[in-house]
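Undergrad: Chains as they are written, first to last, in my numbering: chain X, 1 to 324; chain E, 325 to 524. All residues carry an ideal CB built from backbone N, CA and C; glycine is no exception. Okay, handing you the structure first.
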């Protein structure tokens with residue numbers, strides 16, 4: 001293109017049509033360049049560099065506590081304590097009349113205090129559980145499918161075993177895989193079940209109560225699949241919501257996201273309740289990236305950006321318009 | 325975009341509010357980089373210019389007088405530094421220099437605050453190009469290589485690069501057609517002049 005545009009115009013007889021085509025090319029070229037540089041720019045890295053540069057000549061910028069090693073250590077302890085809160089139960093359930101009863105294991109995380117846990121299943125698959133999540137699996141997987149029951153949200157990294165498909169059963173959906181990593185969000189009271197596939201391939205099936213036939217969709221890596229429970233609709237798209245793993249990474253990214261959506265992502269990541277004094281606040285588009293920051297800080301930034309007032313009472317945060 | 329309450333935020337920065345500063349940085353980093361990239365076609369250089377603008381914003385926060393708006397100040401600073409860079413690098417002719425010469429002061433920078441949907445669309449449009457053509461296109465657009473350099477690197481003729489690029493551009497324009505409004509917007513602003521100039 002550069003050469004194309006720089007070419008010396010030998011020909012002075014250029015038709016209007018060619019000019020229009022040229023203009024189309026230039027705008028396409030610019031749009032693509034803007035898109036590329038916008039995506040490729042890395043604000044997190046740049047911010048870290050900038051902090052370094054600024055801390056050299058003068059120390060105007062306070063070192064932020066959450067970047068310090070002490071804070072990191074504290075965070076680790078909290079995380080470990082969180083894992084400690086997971087409760088494991090064993091239940092005897094006969095798998096079949098012929099087999100010996102296989103013990104069922106139940107791992108459960110609580111919401112308050114928010115806990116997050118990692119469980120290794122008997123086949124070596126690793127499951128990360130978000131707070132308020134319950135997973136049930138047999139102590140030993142049998143000869144058939146590897147079946148686990150889930151209520152809540154979890155990220156699965158499943159050991160590949162083509163002979164024993166891995167099945168996650170939730171109240172309204174079943175997710176079947178061979179070996180892959182993906183996130184399943186199926187909270188008991190939610191209106192939607194969501195699956196984000198990182199690698200491999202996943203089969204998402206809607207379980208219709210009292211019906212034998214089911215709807216299902218095959219989701220390749222990089223897809224998001226969902227079931228809208230009330231509408232009985234199953235769908236999938238090759239676009240992954242950016243924040244599906246925020247609860248693990250504590251990274252959230254908003255690109256002109258309406259605040260109401262941003263809040264629900266923050267709720268799921270930080271396990272708080274966010275209330276808006278008037279619903280129109282929820283429509284404000286918001287753009288920002290936060291990586292592993294404390295919630296109070298994020299709340300402060302959001303409030304300040306849009307002239308809102310945020311009040312925190314324990315696990316509840318209220319956003320209101322700033323009164324003039 | 326922060327436009328409305330821009331002044332208050334700048335006041336906060338003046339009063340050493342690091343939080344406000346970070347917020348401005350995160351809000352504007354990508355758009356400003358995209359703006360610099362329009363002139364330079366070089367991502368590391370673009371990022372480093374934006375970095376300098378922000379460094380200066382903090383270090384000179386007490387002295388800087390902002391008459392219009394913080395947004396205007398930031399975009400103009402990026403433009404000025406880009407001009408310096410181009411002069412320093414002696415890029416006095418060619419496409420990049422032409423783009424910056426034709427850049428008059430804007431009142432509107434919304435095209436650099438890209439929406440997620442458009443980004444995705446652009447990426448999938450490029451990904452849909454045939455493999456070889458895509459490689460050529462990315463070398464030209466993302467790495468800013470000249471046709472000759474691409475030809476050398478891929479061991480093909482310059483003519484082939486030219487042909488492939490024209491084909492890519494046709495296909496991309498076609499697949500980005502639904503963003504016609506955006507394209508129209510470009511044509512109504514300074515891009516028309518630009519095309520005329522380069523055809524003159």
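Based on Cα-Cα distance, which residue from X:247, X:245, X:241 and X:267 lies nearest to residue 255 of chain X?
TA: For the purposes of this step, residue 255 of chain X is identified with residue 255 of the first chain, where counting begins at 1. Answer by Cα proximity: X:241.
Undergrad: Please say whether residue 174 of chain X and residue 184 of chain X have beta carbons closer to each other than 7 Å?
TA: Looking up residue 184 of chain X in the first chain gives position 184. Looking up residue 174 of chain X in the first chain gives position 174. Against a cut-off of 7 Å, the Cβ pair of residue 174 of chain X and residue 184 of chain X comes out as no contact.
Undergrad: What are the boundary residues of the alpha helix (DSSP H) that residue 493 of chain E is part of?
TA: In the second chain, the residue the question calls residue 493 of chain E occupies position 169. 482-499 is the span of the alpha helix (DSSP H), which, as asked, contains residue 493 of chain E.
Undergrad: When you compare only the Cα positions, how much space is there between residue 316 of chain X and residue 308 of chain X?
TA: In the first chain, the residue the question calls residue 316 of chain X occupies position 316. In the first chain, the residue the question calls residue 308 of chain X occupies position 308. Taking the straight line from one Cα to the other gives about 16 Å.
Undergrad: Which runs of the alpha helix (DSSP H) spanning at least 4 residues fall entirely within the segment 193-239 of chain X, listed in chain order?
TA: Those alpha helix (DSSP H) runs which fall completely within the segment 193-239 of chain X and span 4+ residues do not exist here.
Undergrad: For residue 43 of chain X versus residue 350 of chain E, is the C-beta spacing smaller than 7 Å?
TA: Along the first chain, one-based indexing puts residue 43 of chain X at 43. Along the second chain, one-based indexing puts residue 350 of chain E at 26. Cβ distance < 7 Å, so residue 43 of chain X and residue 350 of chain E count as in contact.
Undergrad: Report yes or no: do three or more beta-carbon pairs, one from the segment 257-264 of chain X and one from the segment 277-295 of chain X, lie closer than 8 Å?
TA: The segment 257-264 of chain X, when compared against the segment 277-295 of chain X, does touch it at the 8 Å Cβ threshold.
Undergrad: I need the straight-line Cα distance from residue 401 of chain E to residue 388 of chain E, nearest angstrom please.
TA: Within the second chain, numbered from 1, the residue matching residue 401 of chain E stands at position 77. Within the second chain, numbered from 1, the residue matching residue 388 of chain E stands at position 64. Residue 401 of chain E and residue 388 of chain E: Cα-Cα distance of roughly 12 Å.
Undergrad: Between the beta-carbon of residue 157 of chain X and the beta-carbon of residue 126 of chain X, is there less than 7 Å?
TA: Within the first chain, the letter at position 157 stands for residue 157 of chain X. Within the first chain, the letter at position 126 stands for residue 126 of chain X. The answer is yes: Cβ separation under 7 Å.
Undergrad: Less than 7 Å between the beta carbons of residue 352 of chain E and residue 398 of chain E, yes or no?
TA: For this step, residue 352 of chain E is matched to residue 28 along the second chain. For this step, residue 398 of chain E is matched to residue 74 along the second chain. For residue 352 of chain E and residue 398 of chain E, yes; Cβs fall inside 7 Å.
Undergrad: In its own chain, which residues sit with a C-beta less than 8 Å from the C-beta of residue 289 of chain X, not counting the 5 before and 5 after it?
TA: Position 289 of the first chain, counting from 1, holds the residue named residue 289 of chain X. Hits under 8 Å: 43, 44, 251, 252, 253 and 254.
Undergrad: What residue range is occupied by the uninterrupted beta strand (DSSP E) comprising residue 134 of chain X?
TA: Counting from 1 along the first chain, the entry for residue 134 of chain X is found at position 134. Counting along the chain, the beta strand (DSSP E) containing residue 134 of chain X begins and ends at 134-138.
Undergrad: Which residues, taken in chain order from the segment 241-256 of chain X, show a beta carbon closer than 7 Å to some beta carbon of chain E?
TA: For the segment 241-256 of chain X, which is checked against every Cβ of chain E, the residues closer than 7 Å are 255 and 256.
Undergrad: Given this structure, state the Cα-to-Cα distance separating residue 314 of chain X from residue 186 of chain X, to the nearest angstrom.
TA: Position 314 of the first chain holds residue 314 of chain X. Position 186 of the first chain holds residue 186 of chain X. Rounded to the nearest angstrom, the two C-alpha atoms are 26 Å apart.
Undergrad: Can a CB atom of chain E be found closer than 7 Å to the CB of residue 25 of chain X?
TA: To locate residue 25 of chain X, count along the first chain from 1; it is residue 25. It does: the Cβ of residue 25 of chain X has a partner Cβ on chain E nearer than 7 Å.
Undergrad: Among the residues of its own chain, which have a CB less than 7 Å from the CB of residue 344 of chain E, if the five just before and after it don't count?
TA: Along the second chain, read from residue 1 onward, the residue named residue 344 of chain E stands at position 20. These residues qualify, in order along the chain: 333, 336 and 337.
Undergrad: Compare the C-beta of residue 80 of chain X with all C-beta atoms of chain E and state if any pair is closer than 7 Å.
TA: Residue numbering aside, residue 80 of chain X sits at position 80 when the first chain is read from its first letter. At residue 80 of chain X, the pLDDT of 35 sits below 50, so the modelled position is not reliable; the number obtained from the coordinates is stated separately. Not closer than 7 Å to any Cβ of chain E, the Cβ of residue 80 of chain X fails to qualify, so no.
Undergrad: Just by C-beta distance, which residues in the segment 200-234 of chain X are closer than 8 Å to chain E?
TA: Here the close residues number zero.
Undergrad: Whole angstroms is fine: what's the gap from residue 434 of chain E's alpha carbon to residue 149 of chain X's?
TA: As a first step, residue 434 of chain E is located in the second chain; it is residue number 110 there, counting from the start. As a first step, residue 149 of chain X is located in the first chain; it is residue number 149 there, counting from the start. Those two C-alpha atoms are separated by around 47 Å.
Undergrad: State the Cα-Cα distance for the pair residue 119 of chain X and residue 244 of chain X, rounded to the nearest angstrom.
TA: As a first step, residue 119 of chain X must be located in the first chain, where it is residue number 119. As a first step, residue 244 of chain X must be located in the first chain, where it is residue number 244. In a straight line, the C-alpha of residue 119 of chain X is about 19 Å away from that of residue 244 of chain X.
Undergrad: Could you tell me the alpha carbon to alpha carbon distance between residue 216 of chain X and residue 181 of chain X, rounded to whole angstroms?
TA: In the first chain, counting from the first residue as 1, residue 216 of chain X sits at position 216. In the first chain, counting from the first residue as 1, residue 181 of chain X sits at position 181. Those two C-alpha atoms are separated by around 19 Å.
Undergrad: Bridge partners for residue 308 of chain X per DSSP, in chain order?
TA: Position 308 of the first chain holds residue 308 of chain X. Answer is X:321, bridged to residue 308 of chain X.
Undergrad: Just to confirm, is the Cβ distance from residue 103 of chain X to residue 139 of chain X under 7 Å?
TA: Numbered from 1 along the first chain, position 103 holds the residue referred to as residue 103 of chain X. Numbered from 1 along the first chain, position 139 holds the residue referred to as residue 139 of chain X. For residue 103 of chain X and residue 139 of chain X, yes; Cβs fall inside 7 Å.
Undergrad: What residue range does the alpha helix (DSSP H) around residue 49 of chain X cover?
TA: Your numbering for residue 49 of chain X matches position 49 in the first chain. It spans 43-55 - the alpha helix (DSSP H) in which residue 49 of chain X sits, taken as one unbroken run.
Undergrad: Does the beta-carbon of residue 122 of chain X have 16 or more other beta-carbons within 10 angstroms, so that it is buried, or is it exposed?
TA: Sequence index remark: in the first chain, residue 122 of chain X carries index 122 (1-based). Exposed is the call here.
Undergrad: What residues of chain X sit near residue 443 of chain E, judged by a beta carbon separation below 7 Å?
TA: Within the second chain, the letter at position 119 stands for residue 443 of chain E. Ordered by position in chain X, the residues that pass the 7 Å Cβ test against residue 443 of chain E are 35, 38 and 39.
Undergrad: Anything in the segment 258-273 of chain X with a Cβ closer than 9 Å to a Cβ of chain E? List those residues in chain order, please.
TA: Those would be none; no residue qualifies.
Undergrad: Just to make sure I have the definition right: I need the residues of chain X whose C-beta is within less than 7 Å of the C-beta of residue 371 of chain E. Which are they?
TA: The count along the second chain starts at 1 and reaches residue 371 of chain E at position 47. Residues of chain X passing the Cβ test: 41 and 46.
Undergrad: Between the C-alpha atoms of residue 367 of chain E and residue 239 of chain X, what's the straight-line distance to the nearest angstrom?
TA: The sequence position of residue 367 of chain E within the second chain is 43, counting from 1. The sequence position of residue 239 of chain X within the first chain is 239, counting from 1. Cα to Cα, the separation comes out at about 25 Å.
Undergrad: Can you give me the Cβ contacts of residue 292 of chain X inside the same chain, cut-off strictly under 8 Å, excluding the 5 residues immediately before and after it?
TA: As a position in the first chain, residue 292 of chain X is number 292, starting the count at 1. Correct list, in chain order: 66, 249, 250 and 251.
Undergrad: Quick check on the DSSP output: the beta strand (DSSP E) that includes residue 181 of chain X runs from which residue to which?
TA: Taking the first chain and counting its residues from 1, the one referred to as residue 181 of chain X is at position 181. Run containing residue 181 of chain X: 181-186, per the beta strand (DSSP E) assignment.
Undergrad: Given that a residue counts as buried once 16 or more other Cβ atoms are within 10 Å of its Cβ, and exposed if not, what is residue 412 of chain E?
TA: For the purposes of this step, residue 412 of chain E is identified with residue 88 of the second chain, where counting begins at 1. Result: exposed.
Undergrad: Roughly how many angstroms separate the alpha carbons of residue 48 of chain X and residue 491 of chain E, rounded to a whole number?
TA: In the first chain, residue 48 of chain X corresponds to position 48, counting from 1. In the second chain, residue 491 of chain E corresponds to position 167, counting from 1. Between residue 48 of chain X and residue 491 of chain E, the C-alpha separation is close to 41 Å.
Undergrad: Where does residue 253 of chain X sit, in a helix, a strand or coil, going by DSSP?
TA: As a first step, residue 253 of chain X must be located in the first chain, where it is residue number 253. Note: residue 253 of chain X maps to strand in three-state DSSP.
Undergrad: Is there contact here, the segment 269-277 of chain X with the segment 218-233 of chain X, by at least three beta-carbon pairs under 8 Å?
TA: Segments in contact, no.
Undergrad: Quick one: what's got a C-beta closer than 7 Å to residue 279 of chain X's C-beta in the same chain, skipping five residues either side?
TA: Locating residue 279 of chain X in the first chain gives position 279, counting from the first residue. There are no such residues.
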